[in-house]
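Colleague: Handing you this structure, nothing more for now.
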Amino acid sequence: MKAKRFNQFLTALAVIMILSMLLSACTPATKTNPESDPTAPKQEQSTGKARMTEQGTPRNETLIVDALDGRITNPKQFNPYIPGTAYSEGFHQVCMANLYEIDGTKGDMIPIIAAKPAEALNADFTKWKITLRSGLAWSDGQEFSAEDVAWTLTMLSTNKDLPAYGFWNPLIKSAKATDKVTVEIEMNKPYPRIETLVGDQIFDSPFHVLAKHIWSKENPATFAAATPTCIGPYKLKDVDANGMWTLWEKRADWQKAAYGASMGEPKPKYILFKFYGPEEKRVLAGAAHDLDVFMDITPDSWDVLRKKNEYAKAWFDQFPYANMDDPCERGISFNTSKAPFDKLEVRWALALATDIQSVSMATFGGKMRFSPIQVPPLSGLQPLYHFALEDWLKNLQLADGYKPFDGEHSAKLVKSLAGEKGLPTDPKAQKELFGVGWWKHDPNQAAKLLQSVGFKKGSDGKWLTPDGKPWKITINAPANFEVQSGRLAFAVADSWKKFGIDATAQAMEGGPFWTAEGNGDFEAGSYWPGCGVQPDVYNQVQGWHKKYVVPTGQTAPGNRQRYKSDRISNLIDQLSPLKPTDPKIVPLVNELNKAFVEEMPWIPMFGTSKFVPTDTYYWTGFPNSKDPYFGPWWWWSNFPFILHKLQPTGKM
Amino acid sequence: MRFLVFLGSRILTFLMVVWIGITTAFFVPRFAPSNPVEAVLARLDSQKSFQPEQIQAMRESLMELFGLKGTLLQQYGSFLKRVLVSGDFGPSLTVYPTPVSTLVARALPWSLGLLFCSTIIAWVLGNSIGLIAGYWKDRTISRILEGTAILLYPIPYYILALALIILFAYVFPIFPFSFSAQGQPFEWAFIKSVIRGSFLPALSMVTVGLGWWVISMKALASNIMEEEYVYFARLKGVSDGGIMRGYVLRNALLPQVTMLALQLGGMFSGALLTEYLFGYPGVGTLIAQAVLGSDYNMILGTISFSIIAVAGATLIIDLAYPFLDPRIRYR
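As structure tokens, this is what we get:
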């Protein structure tokens, strides 16, 4: 009896312990009041003293940014030209700067260190003049000049110990400074897109100017540059020896820094890039106002954060919340050199077998934009490409006369999301938000296409290949990164399984995932070979040229889908010599879009949706759907576009 | 003489185990479906800032830079020569050109500090509690202690760690979200920040480890209590304390010491989950990064330490056992 009572007591104790732990996890956000934070130094309410960060800076003067690269293994390495240097913990955002930067919303190249667009000195684009801004200085006070640019280009093209030498050497014939603000570059071959060579298009530029007065005394192939010399508006203040955070301080002479000179003073005095660990901890930190700017989180985490923190803001105030203008596109790629993916009918059949509505809901709860063409459906590109081709898409016929396009997908999605507030009712607005449309979900037509090339259905309802074997497809999916693509793979596999294909998704870590694509050691994968931010997508699409096709087993420099198309290659060749502003660009890219649709070497599905929220407790002024002055690409090198727009809220 | 033969054979076994382990660590990653050059290039390519020709040119340069040219046997030969002659594992391939030894030297003290303290605390506490529970197994206190251990033991580490973070860094913000050492090493600010930052990870590891030691020691102690020599000691009038220390503990401790030695040897592998969840700088993260980035040199450097430590711990236990248990002789 005594033992029984004791066991009951133990059971009750265990239940109480578990419940209390669960309850504490579910407790509404305490909206941590800095004044009551027992870990903060005691502050007098009446003096209005600010809460301090652990790094010793006033919290209300510090912008805390999520660290994309995670913990940095060697936090004292700031050489941009050796592998292993972490870029996204502030180094390329606020310390370095590019000659030109992309405006992610409009697609324009904006001179940053340069003073104006590059000028071609001859008709074949082998000689260029770049005029730099005057009055710029490095963070150590030394004057920035054309000598730094010319020296860096020359060094890159002559230093054989650098990994990038193999690229720059064949390209650069000479680079010289003709005066303090003018650089003349001679190329070994025509290069009409010099601004994208020495400037940034997506994420960052391959070219970073180095301070000649520092680097000419060192070996650039091994010099770690533990204290970087910055041309950007911030300089390194402190770094965690264990790589968990990097602290940058606004330069006193910010007017002489890149961005500062052209855009004005960035507001945060300090910028702290900090790694909190798993997504759960980042959300907790955001709920406690210890993180202002988030890198990518899942829609589920966003739901938790917005409920715990009333100051948390996403791109849209309501559904779909996410920004859908990330310049890459998600879908399913194939190794088209492997049967049966070498057959057009099979690729089209797989597109028509995909229930794209279910895939959208399963991947990101419908918070994605449909895209049937290979150019990402950015707000700035849709009018030129997606909507411009709408009639063509509607009238597109396959070989048997079948019309595969369904322009009503956005309307259908909105209807299925009837419970969500703020969704557009106007069909045009629906398409602008959720895309121009996609392919019909038509298993019957898909079956017809498969049967036309010898596929049969077995007695169990599953598809058999022309040689009578069960048709199995494995879709490579990224594990633990690029969540959207990872989930997409599983959702598509599920859709194809319902169609009768034995399809599975295989989650892979980064190394094997990319190596498999490079070597062609895959049949299908949730890769993203379609990117672009400007109307001129040449830099992103050139990799599809047939000249890059190599046999499976060899690492492909480009065209990892191993797709040989004379039509696509010819169009790329026609794009190659054109300047980015040439009026022929858009019509040629549309011809490319048509070729990609008709030949379907890969199945584009959605634009990329990014949940990259901000906490507006300490800082406001972040771009959003109501004030889309820039894209929320905090990890790109053009992050300073946002810094000068931020305002402190005054909260302590 | 017998001892010398025993010592010689154990040392030879130790060296063979280390050699086989390091050789396996050398070859296995090279058969994996990724390599460090592709890992670096993939990261660059995913940014869509580089053109195909640039990627191709960098591939050639990186193969040369990373020392991946030549046959596997040639690479193995140069590796052995470098390691045996100068103890140099080469540069990390993901954090090129930082030497592997620099990175390991930076991370290892943190792993050793955290794991050593938490392992010893869990071992001492767990065995003490287990001994009491086993000695007075029919008493209420024993049941409470055993029940608590059984309750804690099966909790998945990830859940426990997150619960501690939620409770003590968010709901009651006593500790920081992530570990961060402030100030210069060995100054008071540094020591304070290390203790504060390490408390939660240590608590999580002690909590998880405690359960196993309590349960195992309780089982051992309960069994030993049934031995005739314990009855004899009681009949002789030896006190409870004397029986517990001299008869039960001494006999129950032997397998626990073996397990402790092996756990201490395992410190050199770090604690990946702990480091990831608490933002703690340690060897576990280095190993994970090395594996994910196919960083051959770092894999070898970190795993070699672990192999040597575990093999060394086994060797030490083998040599020390006869001192702990006079019944055991060298053979």
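If you read the sequences in order, they're chains F and S. Take 1 as the starting number for the first sequence in my numbering and just add one per residue. Take 1001 as the starting number for the second sequence in my numbering and just add one per residue. Each residue gets a CB set at the ideal place from its N, CA and C atoms; glycine is no exception. The structure displayed is predicted, hence computed values, not measured ones.
#1: Could you work out which residues of chain S lie near residue 516/F, taking near to mean beta carbons separated by less than 9 Å?
#2: How many Å lie between residue 1135/S and residue 1220/S at the Cα?
#3: Considering only the beta carbon of each residue, do residue 102/F and residue 611/F sit closer than 8 Å?
#4: Can at least three beta-carbon pairs, one atom from the region 1062-1071 of chain S and one from the region 1027-1042 of chain S, be found at a separation below 8 Å?
#5: Can you check whether the C-beta of residue 245/F is within less than 8 Å of a C-beta belonging to chain S?
#6: Could you have a look at residue 343/F and say whether DSSP puts it in helix, strand or coil?
#7: Following the continuous alpha helix (DSSP H) through residue 567/F, name the residue where it begins and the one where it ends.
#8: CA-CA distance, residue 434/F and residue 368/F?
#9: For residue 1085/S, name the three-state secondary structure that DSSP assigns.
#10: So is residue 164/F in contact with chain S if we call contact Cβ pairs under 8 Å?
#11: If residue 1061/S sits next to residue 163/F, beta carbons under 8 Å apart, how far is it from one beta carbon to the other, in whole angstroms?
#12: Can you list, in chain order, the residues of its chain whose CB lies under 7 Å from that of residue 1166/S, leaving out five sequence neighbours each side?
#13: Report the start-end ranges of each alpha helix (DSSP H) in the region 123-204 of chain F that is 4 residues or longer and not cut off at the edges.
#14: Within 10 angstroms of the Cβ of residue 391/F, are there 16 or more other Cβ atoms? Answer buried if so, exposed if not.
#15: Taking Cβ-Cβ distances shorter than 9 Å, what residues in chain F pair up with residue 1040/S?
#16: State yes or no: is the beta carbon of residue 1092/S nearer than 8 Å to at least one beta carbon in chain F?
#17: Which bits of chain S does residue 639/F rub up against, with CB to CB less than 9 Å?
#18: Assign residue 1002/S to one of two classes, buried (16 or more other C-beta atoms within 10 Å of its C-beta) or exposed (fewer than that).
#19: Look at residue 217/F and residue 147/F and say whether their C-beta atoms are less than 8 Å apart.
#20: Closest by CA to residue 244/F, which one among 449/F, 64/F, 485/F, 531/F?
#21: Under 8 Å between beta-carbons, which chain S residues line up against residue 521/F? List them in chain order, please.
#22: Taking residue 331/F as part of the beta strand (DSSP E), name the residues at either end of that continuous run.
#23: Can you check DSSP and say which residues form a bridge with residue 463/F?
#24: Listed in chain order, which residues of the region 219-240 of chain F have Cβ atoms closer than 9 Å to some Cβ of chain S?
#25: What residues are listed by DSSP as bridge partners for residue 273/F?
#26: State the start and end residues of the unbroken alpha helix (DSSP H) segment that holds residue 587/F.
#27: Would you list, in chain order, the members of the region 286-300 of chain F that have their beta-carbon closer than 8 Å to a beta-carbon of chain S?
#28: What does the alpha-carbon distance come out to for the pair residue 536/F and residue 464/F?
#29: Any idea which residues DSSP pairs residue 476/F with across the strands?
#30: Would you give the residue range spanned by the beta strand (DSSP E) that residue 608/F belongs to?
#31: What are the partner residues of residue 614/F, as DSSP defines its beta bridges?
#32: Quick one, are the C-beta atoms of residue 77/F and residue 238/F less than 8 Å apart?
#33: Can you give me the C-alpha to C-alpha distance between residue 99/F and residue 113/F, rounded to a whole angstrom?
#34: For residue 1124/S and residue 335/F, I'd like the C-alpha separation in whole angstroms.
#35: What do you reckon, are the CB atoms on residue 602/F and residue 331/F nearer than 8 Å?
#36: Considering just the uninterrupted stretch of the beta strand (DSSP E) at residue 421/F, what are its terminal residues?
Modeller: With the given structure in hand:
#1: 1033, 1034
#2: 10 Å
#3: no
#4: yes
#5: yes
#6: coil
#7: 566-575
#8: 6 Å
#9: helix
#10: yes
#11: 4 Å
#12: none
#13: 146-158, 165-171, 194-198
#14: exposed
#15: 83, 84, 163
#16: yes
#17: Correct list: empty, because the minimum Cβ distance to chain S is about 15 Å.
#18: exposed
#19: no
#20: 64/F
#21: 1033
#22: 323-334
#23: 457/F
#24: 221, 222, 224, 240
#25: 65/F, 246/F
#26: 585-599
#27: 287, 288, 290
#28: 42 Å
#29: 506/F, 525/F
#30: 602-610
#31: 293/F, 313/F
#32: no
#33: 4 Å
#34: 58 Å
#35: yes
#36: Per DSSP, residue 421/F belongs to no beta strand (DSSP E) and is neither H nor E.
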